[in-house]
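The structure under discussion appears below in the form of structure tokens.
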Amino acid sequence: MTLDTFHFTPGMSLLGGLLIGTASALFILANGRIAGISGILGGLLRPTSGDVMWRLAFLLGLIVAPAVLAAFVAPVIPTIDAGPTTLIVAGLLVGIGTRYGGGCTSGHGICGLSRLSPRSLIATLAFMGSGMAIVFAMRHLLINA
Amino acid sequence: MKTHLDTVSSFIVGLLFGIGLIFAGMTDPSKVIGFLDIAGLWDPSLAFVMVGAILVGLVAFRFARNRTMNFLGGAIRLPTKNDIDKRLIVGSLLFGAGWGMAGFCPGPALVTLGTGAPQAIIFVLSMIAGMALFEGAERLMNARDARNGAVEPSAAPATPQ
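This is the structure in structure tokens:
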């Protein structure tokens, strides 16, 4: 392990984290809900009356965020290396896994840990570990990934 | 009126969350993978994101724990599940694998969708397909259990909302 000092962004990442935390705080205190994005999206697959608009509104907020930043700050240009097959398999895994496991990085990793939930701690350790294992396999074991 | 406030508030929170994700660098898959690449060049930035978020979150959830009503006058819905079961672990392992493969988890993927990136479109569609597959499988299993006379699992969603 060598520290990637070139890409490391302690200030911006901390600031981003504080913003995310604030958003999650607002959501639980003002809306009374957990800002767990896999749950917010997944719940649209079993829609019940009165339970749809807030989900759509939240997801819309996420989706227009880059446009808002582009208008007021700077354009957001992602660097994505994964090819279509990887994206499809990864998407399926994330879709199935987040529903099966009951949460993702926002639900378990941020809200769950903030609530000191042992369930979320286990979940977070599991998906972090699994993520690290896959990256290790793809970057250091396989030649072409 | 309460529903409108609820909707507007949700939008604002989603927007703030999305902006936070962008600032944090979490919408950049290469940064995420850089954090997960512990054997290679390691970018600890994601740890800083988590610390920042949890610092605020700890205070908020402490406060929320002692309240039953949210600021808009509705209920505070905290998850009630406490058990650590196979679903939690297997699901999280699967999710983590997908996360490591493309460097996308649900939030950042949706934010990146907003940039129009074709890779994000593919990922999000696949993610939705995966969620739908799971949903379908759950319903089939529940129906089968009901037919077999087993105790039918509650109709409540798999994830506490």
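Chains B and Z are the protein sequences, given in the same order.
The first sequence maps to residues 1 to 145 in the working numbering.
The second sequence maps to residues 1001 to 1161 in the working numbering.
Note that beta-carbon positions come from the ideal geometry of N, C-alpha and C, so glycine has one too.
- A direct Cα-Cα distance of roughly 16 Å separates Z/Phe1134 from Z/Ile1089.
- Taking C-alpha positions only, B/Thr86 is separated from B/Leu92 by approximately 10 Å.
- Counting every other CB atom within 10 Å of its CB across the protein chains shown gives Z/Gly1136 a total below 16, marking it as exposed.
- Taking C-beta separations shorter than 6 Å and ignoring five residues to either side along the sequence, the partners of Z/Phe1035 in its chain run Asp1043 and Leu1046, following chain order.
- For a cut-off of 8 Å, the C-beta gap from Z/Gly1020 to B/Ile80 is around 20 Å, too long to register as a contact.
- If you draw a straight line from the Cα of B/Phe58 to the Cα of B/Leu18, it comes to about 18 Å.
- In this structure, Z/Gly1100 and B/Val89 do not form a Cβ contact; the two beta carbons are roughly 11 Å apart against a cut-off of 8 Å.
- Contact check for B/Ala23 and Z/Phe1017: beta-carbon distance about 4 Å, within the 8 Å limit, so the pair qualifies.
- Z/Phe1104 is the residue among Z/Val1051, Z/Gly1149, Z/Phe1104 and Z/Thr1068 whose C-alpha sits nearest the C-alpha of Z/Phe1123.
- Its chain contains Arg33 and Ala35 as the residues whose beta carbon lies nearer than 6 Å to that of B/Phe27, once the 5 sequence neighbours on both sides are disregarded; these appear in chain order.
- Any Cβ of chain B closer than 8 Å to the Cβ of Z/Thr1007 would place that residue at the interface, and such an atom is present.
- Chain Z has a Cβ within less than 8 Å of the Cβ of B/Pro66.
- In the three-state reduction of the DSSP assignment, B/Thr85 falls in the helix class, which pools H, G and I.
- Proximity of the region 1113 to 1133 of chain Z to the region 121 to 132 of chain B falls short of the contact definition, fewer than three beta-carbon pairs being nearer than 8 Å.
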